[in-house]
Amino acid sequence: MKEKKMSIRELIDKYQANCDRINEIADTCEKETRERNDSENKEFEELVRENQLLQMKMQALAAEHLRENPNAHADAIRIIRENANHGRKSEIIFVRDIMMVSDIRNGALVPLNIQDIIKPLQEGFILDKVGLPLPTGLAGDFVWPMYEMVDAQIAGEGVALTDKKIPFSKMTASPERIGIAIPVTNQSLNQSEGVLEMIVREVMPLSIRLLLNKILFSTQKVNGATNLVGPFANIVENAAKEEGQRDEKIPAIVNLSNVPKFVELNKLMKAAVLETGIEGSHLCFVMTKSMAATLEGTPINEKGIFVPMIQNGMLCGVPVYTTNEIRQGTTEYIGLGDWRYQPMGLFGTLRFTVDPYSQARKDSVDFVLNTDYATKTIRPEAFILGQVAAE
Numbered sequence: 077m078k079e080k081k082m083s084i085r086e087l088i089d090k091y092q093a094n095c096d097r098i099n100e101i102a103d104t105c106e107k108e109t110r111e112r113n114d115s116e117n118k119e120f121e122e123l124v125r126e127n128q129l130l131q132m133k134m135q136a137l138a139a140e141h142l143r144e145n146p147n148a149h150a151d152a153i154r155i156i157r158e159n160a161n162h163g164r165k166s167e168i169i170f171v172r173d174i175m176m177v178s179d180i181r182n183g184a185l186v187p188l189n190i191q192d193i194i195k196p197l198q199e200g201f202i203l204d205k206v207g208l209p210l211p212t213g214l215a216g217d218f219v220w221p222m223y224e225m226v227d228a229q230i231a232g233e234g235v236a237l238t239d240k241k242i243p244f245s246k247m248t249a250s251p252e253r254i255g256i257a258i259p260v261t262n263q264s265l266n267q268s269e270g271v272l273e274m275i276v277r278e279v280m281p282l283s284i285r286l287l288l289n290k291i292l293f294s295t296q297k298v299n300g301a302t303n304l305v306g307p308f309a310n311i312v313e314n315a316a317k318e319e320g321q322r323d324e325k326i327p328a329i330v331n332l333s334n335v336p337k338f339v340e341l342n343k344l345m346k347a348a349v350l351e352t353g354i355e356g357s358h359l360c361f362v363m364t365k366s367m368a369a370t371l372e373g374t375p376i377n378e379k380g381i382f383v384p385m386i387q388n389g390m391l392c393g394v395p396v397y398t399t400n401e402i403r404q405g406t407t408e409y410i411g412l413g414d415w416r417y418q419p420m421g422l423f424g425t426l427r428f429t430v431d432p433y434s435q436a437r438k439d440s441v442d443f444v445l446n447t448d449y450a451t452k453t454i455r456p457e458a459f460i461l462g463q464v465a466a467e
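In this note's numbering, the protein residues as written are 77 to 467.
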């Protein structure tokens, strides 16, 4: 008997149900502070394998649909507008390389590559600055192996080497939901060409980037976050503890002049990080735009030829990333870190809903994006924070 072919809607629902079950297992283990047991491990592996297969089936259906429907993009826009006009929700789901929009009647596909979201997001993000990818479509554990250095040994000819073991450990990050809602009037949606494309390709990625910037670079935990905490918030929180309660792996805050000197940034920050044994291949300074402008006009040395501290976006041979999120009130900070040790990624699907209900009294449609995001500081000594003295 021939197996019934699943529709795109059924594939999506099954994929999401599997993701939900994976999160349930992770939540249970985290709550009970334990590893997965044998039965959970077996179920977890089956769910991950099934999701990989479902992704391939969805991509195959998307390719087939686009071959048979060259006007799929225009059809999808029409479906969204019709649904909004009739008070029906539309759901756009990003899964790895494809984007799909649900149709109440029979389903439809939008031929928009996931990179149209991820590329503009990453281009304005620190990962692009230091040459690291932003993983998407992650499923299951977000685990990074860690290992301690093992010393080599010198031995004479014919002398057997002593066995060395590499002690491995792991750190797991728990994804949390992040969401964004943008209202658009029905008039704009119906009358303006390209509004949907602009929201999907430009506005939503920008909104995600601003939120991730706040999570990563703020010196305080973002409201509502449990596990989504950046390295600099950890440094400030640790510094506020009593001396005997501080984590020795987390560095102390460095005091900087009101206009930081080159030697301070180079010796007290960059050299201090490298001294811990951090390789430093993905180092990047983080500071406000105004501080970067100040340092672009500040010489490395007070005497001799004028050489600005920041040249071509580089400081002490390290790239500079600017965001005002690192300022806390009137307190100015400069951060430095090797961002390989702050892995981050987007889990499962990006779920984008066109909701005509919530803003109905204002004759507006809500564009709502939800996704699961995780990040973790796996080596606290890879990051350091300098506090700029008040003028």
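Backbone N, C-alpha and C define an ideal beta-carbon position, used for all residues, glycine too.
Please report the residue range of the beta strand (DSSP E) in which residue i lies.
{"i": "E252", "result": "252–261"}
{"i": "P395", "result": "394–398"}
{"i": "N331", "result": "330–332"}
When you compare only the Cα positions, how much space is there between residue i and residue j?
{"i": "V430", "j": "N113", "result": "40 Å"}
{"i": "A150", "j": "L445", "result": "21 Å"}
{"i": "L452", "j": "P307", "result": "This sequence places Lys at residue 452; Leu is not what is there. Approximately 8 Å between the Cα atoms of the pair."}
{"i": "A466", "j": "F423", "result": "41 Å"}
{"i": "E324", "j": "C105", "result": "28 Å"}
{"i": "V464", "j": "A148", "result": "54 Å"}
{"i": "T425", "j": "I168", "result": "10 Å"}
{"i": "L350", "j": "A458", "result": "8 Å"}
{"i": "P146", "j": "E140", "result": "11 Å"}
{"i": "K107", "j": "E378", "result": "57 Å"}
{"i": "L304", "j": "A102", "result": "16 Å"}
{"i": "Q321", "j": "Q404", "result": "24 Å"}
{"i": "I284", "j": "I258", "result": "12 Å"}
{"i": "N400", "j": "L282", "result": "15 Å"}
{"i": "E144", "j": "V124", "result": "31 Å"}
{"i": "Y409", "j": "V394", "result": "17 Å"}
{"i": "Q135", "j": "A316", "result": "50 Å"}
According to DSSP, is residue i part of a helix, a strand, or is it coil?
{"i": "T104", "result": "helix"}
{"i": "T447", "result": "strand"}
{"i": "V349", "result": "helix"}
{"i": "Q321", "result": "helix"}
{"i": "M280", "result": "helix"}
{"i": "I460", "result": "strand"}
{"i": "Q198", "result": "helix"}
{"i": "E313", "result": "helix"}
{"i": "E355", "result": "coil"}
{"i": "Q418", "result": "coil"}
{"i": "Q92", "result": "helix"}
{"i": "P336", "result": "coil"}
{"i": "M274", "result": "helix"}
{"i": "R110", "result": "coil"}
With residue i as the anchor, note down where its alpha helix (DSSP H) starts and where it stops.
{"i": "M132", "result": "114–144"}
{"i": "N161", "result": "148–161"}
{"i": "I410", "result": "Run containing I410: none in the alpha helix (DSSP H); it sits in the beta strand (DSSP E), 409–414."}
{"i": "M62", "result": "The first residue shown for the chain is 77 and the last is 467, placing residue 62 beyond what the model contains."}
{"i": "M367", "result": "365–372"}
Determine, using beta carbons only, whether residue i comes closer than 9 Å to chain B.
{"i": "K297", "result": "As a matter of chain content, chain B is missing from the structure shown, which is built from one protein chain."}
Quick test of your reading: residue i and residue j, contact by CB under 8 Å. State the CB separation rounded to the nearest angstrom.
{"i": "D448", "j": "L359", "result": "Going by Cβ atoms, the distance from D448 to L359 rounds to 29 Å, so no, they are not a contact pair."}
{"i": "V330", "j": "L461", "result": "7 Å"}
{"i": "G142", "j": "L87", "result": "Before going on, a small fix: residue 142 reads as Leu here, not Gly. The Cβ separation is near 16 Å, so there is no contact."}
{"i": "F170", "j": "I193", "result": "6 Å"}
{"i": "C392", "j": "K346", "result": "5 Å"}
{"i": "V312", "j": "M363", "result": "Between M363 and V312 the Cβ distance is about 16 Å, and since that is not below 8 Å, they are no contact."}
{"i": "P440", "j": "V298", "result": "The amino acid at residue 440 is misidentified as Pro; the sequence shows Ser. About 27 Å; that fails the 8 Å criterion."}
Got a sec: does the ligand MG put a non-hydrogen atom nearer than 8 Å to the Cβ of residue i?
{"i": "A93", "result": "No copy of the ligand MG appears in this structure; indeed no ligand is present at all."}
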